[in-house]
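Engineer: Numbering (mature numbering (1 follows the signal peptide of the UniProt record, and there is no 0)), first residue to last: -21 to -1, 1 to 238. So that we are looking at the same thing, I have put the structure below in structure tokens.
Put into structure tokens, the structure is as follows:
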């Protein structure tokens, strides 16, 4: 076979991984959890897709930040004891298990890591945790009722997702878990169902980092419970095999030019 034909075939082969790259979906279903339970003391890795949801755990106080897994369904009980239940009553699309994110200004940010590669993230599903939703709805001993006494306070709870390729920030996307900033109180809302957030503007990333801000801030930081629920991370893995295949053509192309 002559070199021209070999180059054409090699280029065609290198393009195949690009054509075959398909959207992958990371969920929290496997391995299964006992009924009405959670795991909050370790990171969760979707081994099939090599995606890790980072967790920081302190065994001395059984405290954590980052991501936990849960299948609890309590949408009515207020307070810290209900920090693992989504306000939607389960996972996105009727699934049982989902991720619980907790942001603390004193710990590393909740982070999703693509292990050893980059992903083009298309979307993620989000909703509130019952503890946070009821705190914003009614107020509690530590946090105010959103909207205030007369319902006109411009309160909000904002989740910001930042994409990183190595140490470089690729962009940010905001999602309001609650928004009472409108001059029309009828437009105020607290998210109580699963919403799909488009993350395609972040481009190719190694990590997604989550942070939160709120209108209700005190001497020690945010008063509003800084929790959120996640599910169905959809992304396309980087077609690195195509890059490697094309890289293998370089010596051949150099030899051809020398002829």
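For every residue, glycine included, the Cβ atom is placed at its ideal position computed from N, Cα and C. Computed from a prediction, not measured in an experiment: that's the story for all the values here.
1) On the premise that residue 76 lies in contact with residue 49, defined as a C-beta separation below 8 angstroms, what is that separation, rounded to the nearest angstrom?
2) Given a cut-off of 8 angstroms on the beta-carbon distance, is the pair residue 7 and residue 95 in contact?
3) So, at 6 angstroms on beta carbons, what are the nonlocal neighbours of residue 92 in its own chain, with the 5 sequence-adjacent residues on each side left out?
4) I believe residue 65 touches residue 208 by the beta-carbon criterion, under 8 angstroms. Please report the beta-carbon distance rounded to the nearest angstrom.
5) Which full runs of the alpha helix (DSSP H) of 4+ residues lie inside the stretch 122 to 171, going along the chain?
6) Within its chain, find whatever has a CB closer than 7 angstroms to the CB of residue 188; leave out the 5 residues flanking it on each side and keep chain order.
7) Is residue 218 helix, strand or coil when you go by DSSP?
8) Check whether the stretch 121 to 129 touches the stretch 193 to 206, counting contact only when three or more Cβ pairs, one atom from each stretch, lie closer than 8 angstroms.
9) Rounded C-beta distance between residue 176 and residue 102? I'm assuming under 8 angstroms.
10) Would you mind working out which of 182, 203, 63, 168 sits nearest residue 149, comparing C-alpha positions?
11) Thinking C-alpha only, which one of 99, 63, 86, 36 is nearest residue 184?
12) Could you tell me which uninterrupted beta strand (DSSP E) segments, each at least 3 residues in length, are contained entirely in the stretch 37 to 103, listed from first to last along the chain?
13) Under 8 angstroms, do residue 167 and residue 159 count as touching if we go by C-beta distance?
14) Could you give the residue range of the beta strand (DSSP E) that holds residue 177?
15) Pull up the distance between the alpha-carbon of residue 138 and that of residue 23, whole angstroms please.
16) Whose C-alpha, out of 214, 151, 117, 129, is nearest the C-alpha of residue 169?
17) What are the start and end residues of the beta strand (DSSP E) that includes residue 117?
18) Going by beta-carbon coordinates alone, are residue 110 and residue 58 separated by less than 8 angstroms?
19) What residue does the beta strand (DSSP E) around residue 186 start on, and which one ends it?
20) I need the boundaries of the beta strand (DSSP E) containing residue 20, first residue and last residue.
Structural biologist: Per the coordinate set shown:
1) For the purposes of this step, residue 49 is taken as residue 70 along the chain shown, with counting starting at 1. For the purposes of this step, residue 76 is taken as residue 97 along the chain shown, with counting starting at 1. Here residue 49 really is in contact with residue 76; their C-beta atoms are around 7 angstroms apart, less than 8 angstroms.
2) Position 28 of the chain shown, counted from the start, is the residue given in the question as residue 7. Position 116 of the chain shown, counted from the start, is the residue given in the question as residue 95. At least 8 angstroms separates the beta-carbon of residue 7 from that of residue 95.
3) Sequence index remark: in the chain shown, residue 92 carries index 113 (1-based). So the qualifying residues of the chain are 31, 186.
4) Within the chain shown, the letter at position 86 stands for residue 65. Within the chain shown, the letter at position 229 stands for residue 208. Correct: roughly 4 angstroms between the Cβ atoms.
5) List check, alpha helix (DSSP H) in window: nothing returned.
6) Stepping through the chain shown from its first residue, residue 188 is reached at position 209. Within the same chain, residue 188 has close Cβ partners 88, 90, 141, 143.
7) Translated into the one-based positions of the chain shown, residue 218 becomes position 239. Annotated three-state conformation of residue 218 is coil, per DSSP.
8) Three or more beta-carbon pairs separated by less than 8 angstroms link the stretch 121 to 129 to the stretch 193 to 206, which places the two stretches in contact.
9) If you number the chain shown from 1, residue 176 lands on position 197. If you number the chain shown from 1, residue 102 lands on position 123. The pair is a contact, with the Cβ atoms about 6 angstroms apart (cut-off 8 angstroms).
10) On the chain shown, position 170 is the one that residue 149 refers to. Nearest option by C-alpha distance: 182.
11) Residue mapping note: residue 184 aligns to position 205 of the chain shown, counting from 1. Of the residues 99, 63, 86, 36, the one whose Cα lies closest to the Cα of residue 184 is 99.
12) Correct list: 42 to 49, 77 to 81, 90 to 93.
13) In the chain shown, the residue the question calls residue 167 occupies position 188. In the chain shown, the residue the question calls residue 159 occupies position 180. With contacts defined by Cβ atoms closer than 8 angstroms, residue 167 and residue 159 form a contacting pair.
14) As a first step, residue 177 is located in the chain shown; it is residue number 198 there, counting from the start. For residue 177, the enclosing beta strand (DSSP E) starts and ends at 174 to 177.
15) Within the chain shown, the letter at position 159 stands for residue 138. Within the chain shown, the letter at position 44 stands for residue 23. For the pair residue 138 and residue 23, the Cα-to-Cα distance works out to about 21 angstroms.
16) Translated into positions along the chain shown, residue 169 becomes position 190. Checked all of 214, 151, 117, 129; the closest Cα to residue 169 is 117.
17) Position 138 of the chain shown, counted from the first residue, corresponds to residue 117. Counting along the chain, residue 117 sits inside no beta strand (DSSP E); it lies in the alpha helix (DSSP H) bounded by residues 109 to 117.
18) Indexing the chain shown from 1 puts residue 110 at position 131. Indexing the chain shown from 1 puts residue 58 at position 79. Less than 8 angstroms separates the beta-carbon of residue 110 from that of residue 58.
19) Taking the chain shown and counting its residues from 1, one reaches residue 186 at position 207. Judged by DSSP secondary structure, residue 186 falls within the beta strand (DSSP E) whose first and last residues are 186 to 193.
20) The count along the chain shown starts at 1 and reaches residue 20 at position 41. That residue, residue 20, is in no beta strand (DSSP E); it is neither H nor E in DSSP.
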